[in-house]
Amino acid sequence: MLRSFFRTYYPVLSVSAVILIFSTAYIIFLATPWSEMFLFLLFQTFAVLSPGVALVKIFKLNLSNLEKFSIGYASGIALNILVYFIFAPFKMTGFIPYSVIILSISSLIYLFYSKVKTFEKKAKDEGFSIFGFSFSVLAALLTFFLLSASNLTPDLVGLKSYYHDLTNGVGLITSASFGFPMEFLQMSHTPHYYHPFFYSYCAVMKLTLGFSSFSIGTKYSLITIAPLFVSSFTALSFKVFSKKYYAAISVIGMFLLSHPMIYYVCIDLLGFSLGLAYSVLAVLLFLKSEESSPNVDRYLILSSVFVVCSVGAKGPIGVTTVFALSFSLLISLFRGNKFVSVLKKGMVFAIPFFAAYFLLYRQGPESMMLRSLIPGSLRGDYYEIIPENFSEPLKRFLSNVIYTLDFHRFTVVGFFAALIYMLGRYRRRSIVAECTLGATIIGILLTNIFSQMGSSEVYFSYASIPLSSIIIVYAISEILSVMSSKKKAVAGSLIAIILILVFKPSFFEVIEKTKSNLKECAYNSIYSLDYDNTMTTDSKRNNSLSPAEYEGLIYLRDNTNQDCIIAEGRHLFNNKFFYGTAFAERRFFLEGWGYVTMEDSNSNRFEKFQREAIIERLFKLEDPSFTYLLRDRGVDYVIVYELTNPGFRLDAAVGASVFFENDEIVIYDISEI
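Each residue of the sequence shown is one higher than the one before, starting from 0 at the first, in numbering that gives the first Met the number 0.
(1) Does DSSP classify L552 as helix, strand or coil?
(2) Taking the alpha carbon of A581 as the reference point, which residue from L41, S212 and V264 has its own alpha carbon closest?
(3) What separation, rounded to the nearest whole angstrom, lies between the Cα atoms of L332 and F357?
(4) If you draw a straight line from the alpha carbon of V347 to that of V295, how long is it in whole angstroms?
(5) In angstroms with no decimal places, state the Cα-to-Cα distance between F409 and Y640.
(6) Checking the sheet assignment: what are the DSSP bridge partners for S278?
(7) Looking at the secondary structure, which residues open and close the beta strand (DSSP E) in which I638 lies?
(8) Output the distance between the C-alpha atoms of P386 and N447, rounded to the nearest integer angstrom.
(9) Should L36 go down as buried or exposed, given a rule of 16 or more other Cβ atoms within 10 Å for buried?
(10) To which residues does DSSP link P190 through a beta bridge?
(11) By the three-class DSSP mapping on this structure, what secondary structure does E387 have?
(12) Alpha carbon to alpha carbon, how far is L206 from T92? Give it in angstroms, no decimals.
(13) Among A139, L466 and F271, which one has its Cα closest to the Cα of G168?
(14) By a C-beta neighbour count over all protein chains shown, 10 Å radius and 16 as the cutoff for buried, is A612 buried or exposed?
(15) With which residues is V665 paired in a DSSP beta bridge?
(16) My assumption, with CB atoms under 8 Å, is that L629 sits in contact with A566. Please give the rounded CB distance.
(17) Quick check: what's the CA-CA separation for A139 versus T223?
(18) Taking the C-alpha atoms as reference points, what is the distance between K394 and T403?
(19) Report the option in V472, L268 and L235 whose CA atom is closest to the CA atom of L62.
(20) Return the chain-ordered list of same chain residues with a C-beta closer than 6 Å to the C-beta of A416, the five sequence neighbours on each side being excluded.
(21) If you count every other CB in all the chains shown that lies within 10 Å of the CB of Y530, and 16 or more means buried, which is it?
(22) Check the DSSP bridge columns for S543 and list the partner residues they point to.
(23) Tell me, which residues are paired with R586 by DSSP?
(24) Is it true that the CB of T233 sits closer than 8 Å to the CB of F143?
(25) Excluding five sequence neighbours on each side, which residues of the same chain lie with their C-beta closer than 6 Å to the C-beta of S128?
(26) To the nearest angstrom, report how far apart E673 and G252 are at their CA atoms.
(27) Rounded to a whole number of angstroms, what is the C-alpha to C-alpha distance between E584 and Y263?
(28) Output the distance between the C-alpha atoms of N573 and G591, rounded to the nearest integer angstrom.
(29) Distance, Cα to Cα, L102 vs V47?
(30) DSSP three-state call for Y360: helix, strand or coil?
(31) Can you give the Cα-Cα distance for Y554 and V657, rounded to whole angstroms?
(32) In angstroms with no decimal places, state the Cα-to-Cα distance between V52 and V304.
(33) Roughly how many angstroms separate the alpha carbons of L256 and F659, rounded to a whole number?
(34) In angstroms with no decimal places, state the Cα-to-Cα distance between I666 and E550.
(35) In or out: H685 buried (at least 16 other Cβ within 10 Å) or exposed?
(36) For the putative contact between L275 and F228, defined by C-beta atoms under 8 Å, what is the C-beta separation to the nearest angstrom?
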């Protein structure tokens, strides 16, 4: 009887056990209050998963349980993003929590009265996916150690440095919670048209639960989005492969042979993981649509919705995805499909794609990170190895070729695998091969044609890695399947040797960087006893935050109006110092300006120079009279760090009142001077 019970309920028991283990780890190792974890789990269950599953049921899609979970959860996030954009453009974000509650209750009522099981009993191969569940748990573990446990706050671990992309991402969560369009909090009231959907979703979570932006970013965002991508990719792999172990190899291989997949999926807060999850699901639904109907159907419509979501989460991923699907439709035209049918399907993708791009990025100088057209741009070390007697255009071209073969080897191998498969099996259509070929072509081309100061052009190529991983395994499995046992052994050995030679550097990069990240995690544990945070260089100290400085920023967050503006001088020593916006969650007159001037916006640069001139005179020359000019520009508070301006006082000089003070930071209220 007990055995029968476990056989029947082991999926529920497995999921419950994992949730319990992670919740306990959060409470013990991240010092998270149990009530906070409880609220987070409630939000994920009732505000994300329930509405998403309800939407899937409304569409009446024929899905496996793994597909239903992945598409349902992604749909739930999309509904939260939709709620955000109903209110945020009008600065009415206060209505968002109530709308989320209404959404949750409505979905629960629908699921209850629809009298259909949320996750149905299916055949053994379609039921609870051990692979999908296990890989998702592994992604959550990597996120826990590499992101959450590696970025604890200074009050827990002492003096702490954070990567500037992380603190910038946390600041964007706060910015999104203020309304849309977002703005550079590091330079108050400067619009920032960055990829907004990831931050929109995080802002909904923040506004509904009341958590800090730093907690949302480091503890509660990717811990669910990374597993979502992995479960979605596993579902796509299962759709492609008849043998499940081939699907498992494609998932494992993607992470073992590509460190960017680990970093951008499990650590990075710039929207890549969410965009990639939507991209993979768009391809999955496109496959189902092509197999089920020559006309526009529900699968295709939802696929188009996910393409839009991938555009909003990470623009380059959306570009790669829509090109991949369009390329497959174009191939189908040459295979005899009716022109009108193909055109209709193409328009289902094209119209929402361009509409989303126009609405989200039309005014932004960054657009889709496509700003500096540099054909054959220089590639640093790759350029240096080209013989000097070659002409300059040839040297630039060859440096790009070598760079692509080395830095984007996964995409290159995926391109050749898709091409070889399509040529070898040209009589039999493979939609995933067509999509991969389209994705790798556009990924390689756009990565080498365009350039951006932050090197964001690499996302075009990275977006094709999941499909490349599938097609590499798929092509190899198809080649081996038509061979005799003796030839299969020889061919398999030869292919294995080639893959080892090609991917050996990538594999060792994954191992070394993951070891380094885990070591950093161990050093920053709240239980670490042998790591001396006080032994650090001046440059590292300038890019760190002490517990006392952190205390001051938190005091600002908890005791000031959301609309106030703050000035500080720490960025004079580090132009990517985003700690104030990350922890105080307020607008700054000028904090770290490194990303503000990356955009080719002359108005941004001119305004930055004006503001920096005032800050330099106040903090470098220590001329208190410039406090009055700050006040005239709308600044309410001034932060003076003892580290950079020891003994500098504004209370006696200009009559500013001390708002907060400890040994390392003084915050002045200048609103009444």
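From the three backbone atoms N, C-alpha and C, an ideal C-beta is built for every residue, glycine too.
The short version:
(1) helix
(2) S212
(3) 28 Å
(4) 8 Å
(5) 46 Å
(6) According to DSSP, which records beta bridges pairwise, S278 is partnered with nothing at all.
(7) Y636 to Y640
(8) 21 Å
(9) Residue identity check: residue 36 is Met in the sequence provided, not Leu. Buried is the call here.
(10) E182
(11) coil
(12) 8 Å
(13) F271
(14) exposed
(15) V639 and E660
(16) 5 Å
(17) 7 Å
(18) 14 Å
(19) L235
(20) I470, I471 and A474
(21) Here the model assigns Y530 a pLDDT of 46, short of 50, so the residue's position is not dependable, and the following value carries that caveat. Y530 is exposed by the Cβ-count criterion.
(22) S160
(23) I564
(24) no
(25) L65
(26) What is shown of the chain runs 0 to 672, which leaves residue 673 out entirely.
(27) 24 Å
(28) 7 Å
(29) 9 Å
(30) helix
(31) 13 Å
(32) 16 Å
(33) 50 Å
(34) 11 Å
(35) With the chain running from 0 to 672 in the structure shown, residue 685 is simply not present.
(36) 5 Å
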